[in-house]
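And the structure:
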């Protein structure tokens, strides 16, 4: 009873924290007063807010305006604090690495992001995205930096016409494979995720390269890109050949009526040979389910950080396809993930295959201030060293937007593991419980 009372008191405090923030005069951070910039570098303004935070229901960012009145800087950030009360169990053969560590209700380490964007010229923007604190890297470190070209910087009629429907992005950036990465939690930025954690097969990585997106009529678009196939720069010659990775996306997104929006996209990502493919292991910030299905030694050391997720280990070669239907009908929102991927490590002779199926149903109330949601997620296939495995997750959630930038959400989750070897800590594994998360993003 003492544990339950303590849990409820802590949970109430987490919910009340963002509520108290409403009492701040002006409801947020004030825009700095105008200053007189140096003549050599005309500074138009410094504004609060970043496109990286995103908006509910937003996928690819809309095209930028053509007006340019001098250098403009935007500063944005995000913060997430989670309280969890999860239990886990397994039936693995007792050994040093198969005994689950003991976990208790409590707060996890807070996550924080910092984003800086600069409008350099007509149609040219540069973004620097950073993590100020994350589970895997407690120190400040850079997620990526890239340039987006949405309009011709030169007032030439033929270039203006081409750039009316063209967007170019280049640098080190979060690749646009699938639509699930737009709805996932990115360290402290959990505003667009109706749930606390991401999908079991978490397709997310940052790579060096370029993408070109062409927007067509009736909400159609096509995207193509080429990257290094690695999540960091690398010039060293090694035992494994390094070839480029290619990605593509074809989609349709249209508001058909005031009440009905339809979106359907198909994406592909392929790398024939890479020293370190990280499409399903590129998130170096960490899961928001702490400690589950983890042995005592790594729990003490804090070295594991992907609890609840599965990385199939396609580190050398990969071919991945993801199909995403999305429907908004009035207050009802439905999003799906149908994914198939095959690949292998450099030591394997043949490719393995994994499949993912996921569905989110979210109902939003009172002009999107409140929502309730349910998610089903299943991954099955051949993981590194084991075959015919399956992981299933069900989650229900509810959220309250105190303002468009402040969110408190509650989730109950159950996840089960089938087919794992008796010597694997996930054999007969299961975890369940509830979480409460407070989010601020702007």
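In our numbering, the protein residues as written are 11 to 452. The beta carbon of each residue, even a glycine, is placed where N, CA and C say it ideally should be.
For residue i, the first and last residue of its enclosing alpha helix (DSSP H)
i: residue 206; result: From DSSP, residue 206 is part of no alpha helix (DSSP H); its letter is neither H nor E.
i: residue 335; result: Note, residue 335: premise wrong, no alpha helix (DSSP H); beta strand (DSSP E) at 327 to 339.
i: residue 168; result: 167 to 173
i: residue 95; result: Where residue 95 is concerned, there is no enclosing alpha helix (DSSP H), although the beta strand (DSSP E) it sits in stretches over 81 to 99.
i: residue 233; result: Element bounds for residue 233: not the alpha helix (DSSP H) but the beta strand (DSSP E), 230 to 237.
i: residue 295; result: It is not in any alpha helix (DSSP H) - residue 295 carries neither H nor E in the DSSP assignment.
i: residue 308; result: 306 to 311
Neighbour flag for residue i against chain C, beta carbons, 8 angstroms
i: residue 338; result: Chain labels in this structure do not include chain C; a single protein chain is all it has.
CB of residue i within 8 angstroms of CB of residue j, strictly
i: residue 315; j: residue 292; result: no
i: residue 128; j: residue 81; result: yes
i: residue 186; j: residue 194; result: no
i: residue 435; j: residue 100; result: yes
i: residue 385; j: residue 205; result: yes
i: residue 96; j: residue 391; result: no
i: residue 347; j: residue 367; result: yes
i: residue 258; j: residue 275; result: no
i: residue 381; j: residue 372; result: yes
i: residue 468; j: residue 305; result: Because the chain in this structure spans residues 11 to 452, residue 468 falls outside the shown range and cannot be described.
i: residue 302; j: residue 441; result: yes
i: residue 402; j: residue 426; result: yes
i: residue 233; j: residue 221; result: yes
i: residue 183; j: residue 224; result: no
i: residue 353; j: residue 287; result: yes
i: residue 467; j: residue 419; result: Lying before the first or after the last residue shown, residue 467 is absent from the chain, which here runs from 11 to 452.
i: residue 90; j: residue 120; result: yes
i: residue 209; j: residue 365; result: no
i: residue 334; j: residue 190; result: yes
i: residue 451; j: residue 88; result: yes
i: residue 400; j: residue 377; result: no
Residues that DSSP places opposite residue i in a beta bridge
i: residue 107; result: Note: residue 107 sits in no beta bridge, so no partner.
i: residue 139; result: 125 and 154
i: residue 70; result: Beta-bridge pairing links residue 70 to no other residue.
i: residue 78; result: Residue 78 pairs with nothing; no bridge assigned.
i: residue 442; result: 97 and 424
i: residue 448; result: 91 and 418
i: residue 345; result: 336 and 370
i: residue 130; result: DSSP, once it has assigned bridges, lists no residue as partnering residue 130.
i: residue 282; result: In the DSSP output, where bridge partners are listed per residue, residue 282 has none listed.
Presumed contact (8 angstroms Cβ cut-off) between residue i and residue j, rounded CB distance
i: residue 141; j: residue 125; result: Contact flag wrong, Cβ pair sits at about 10 angstroms.
i: residue 188; j: residue 213; result: 5 angstroms
i: residue 198; j: residue 161; result: Their Cβ separation, rounded to whole angstroms, is 31 angstroms, which puts residue 198 and residue 161 out of contact at 8 angstroms.
i: residue 289; j: residue 328; result: 6 angstroms
i: residue 207; j: residue 146; result: With a Cβ gap of about 15 angstroms, residue 207 and residue 146 do not count as contacting.
i: residue 152; j: residue 169; result: About 32 angstroms separates the two Cβ atoms, so there is no contact after all.
i: residue 230; j: residue 256; result: Wrong, their Cβ atoms sit about 21 angstroms apart, outside the cutoff.
i: residue 78; j: residue 131; result: 6 angstroms
i: residue 339; j: residue 270; result: 6 angstroms
i: residue 69; j: residue 192; result: 5 angstroms
Inter-residue Cα distance where the pair is residue i and residue j
i: residue 249; j: residue 243; result: 17 angstroms
i: residue 416; j: residue 67; result: 16 angstroms
i: residue 379; j: residue 448; result: 15 angstroms
i: residue 149; j: residue 165; result: 44 angstroms
i: residue 360; j: residue 323; result: 13 angstroms
i: residue 307; j: residue 111; result: 8 angstroms
i: residue 263; j: residue 341; result: 18 angstroms
i: residue 1; j: residue 277; result: Since the first and last residues shown for the chain are 11 and 452, residue 1 lies out of range.
i: residue 437; j: residue 393; result: 14 angstroms
i: residue 358; j: residue 326; result: 9 angstroms
i: residue 253; j: residue 239; result: 7 angstroms
i: residue 105; j: residue 395; result: 19 angstroms
i: residue 33; j: residue 178; result: Because residue 33 carries a pLDDT of 36, less than 50, the predicted location of this residue cannot be relied on, and the following value inherits that uncertainty. Near 42 angstroms, if we compare the C-alpha coordinates of residue 178 and residue 33.
i: residue 430; j: residue 98; result: 16 angstroms
i: residue 159; j: residue 173; result: 9 angstroms
i: residue 235; j: residue 216; result: 13 angstroms
i: residue 38; j: residue 251; result: At residue 38 the pLDDT is 36, less than 50, meaning the model places this residue with poor confidence; the figure from the coordinates comes in the next sentence. So the two alpha carbons sit approximately 51 angstroms from each other.
i: residue 163; j: residue 84; result: 20 angstroms
i: residue 227; j: residue 113; result: 53 angstroms
i: residue 144; j: residue 412; result: 25 angstroms
i: residue 317; j: residue 309; result: 11 angstroms
i: residue 383; j: residue 196; result: 19 angstroms
Terminal residues of the beta strand (DSSP E) in which residue i lies
i: residue 413; result: 396 to 413
i: residue 118; result: First-last for residue 118: undefined, no H or E at that position.
i: residue 257; result: 255 to 265
The ligand NAD heavy atom lying under 7 angstroms from the CB of residue i
i: residue 228; result: Among the components modelled here there is no ligand, and therefore nothing to report on the ligand NAD.
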